[in-house]
Amino acid sequence: SHFKEVMTMVWNEETSQKPVEDTVRGIKGQHRTAENNEDLSIDEERLLRSFEIFDAEYKKLLGEYIDPEADLKKLVSKTNALASTFLPINCTSEWSQELKIQIPKIIAAVFTIFTVLKSGA
């Protein structure tokens, strides 16, 4: 509906102008079980560093691949290769710090692919 589109546009406008630090400070975490809820601490500095890695990588990739002559399949292949380093996914084992640092880069690549595809470039 038109009203929903207007609300989405207003939300997008507000969130695009909000500093990332404000958003991170507003994040609350909980571990919920059948018995109780327990607040989780959020490492704000680590989350901000991850965002900075994502943002820098996204801007770099977008600048490179928004060109209509760019080979987007190359980025898709690179993204698949990077994501495959997480395989096999085992929910009982811990990911190393080296592996965790790749997550913002994978997300940046996925967002870049989506942006380029939606832009029509």
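Under the working numbering, the first residue of the sequence shown carries the number 2, and numbering increases by one thereafter.
Just so you know, even glycine gets a beta-carbon here, dropped at the ideal spot from N, CA and C.
Since the model is a prediction, treat every value here as computed from it, not as a measurement.
Three-state secondary structure assigned by DSSP to residue i
i           : result
residue 40  : strand
residue 31  : strand
residue 72  : coil
residue 18  : helix
residue 103 : coil
residue 114 : helix
residue 86  : coil
residue 121 : coil
Cβ shell of residue i (< 7 angstroms), same chain only, five flanking positions each side left out
i          : result
residue 1  : Since the displayed the chain opens at 2 and closes at 122, residue 1 lies outside it and no answer follows.
residue 65 : 71
Expected contact under 8 angstroms - CB spacing of residue i and residue j to nearest Å
i          : j           : result
residue 73 : residue 111 : Between residue 111 and residue 73 the Cβ distance is about 12 angstroms, and since that is not below 8 angstroms, they are no contact.
Contact set for residue i: own chain, Cβ-Cβ below 8 angstroms, skip 5 residues either direction
i          : result
residue 62 : 76, 109, 110, 113
Q. Would you say the segment 48-56 touches the segment 80-99, given that touching needs at least three Cβ pairs under 8 angstroms?
A. no
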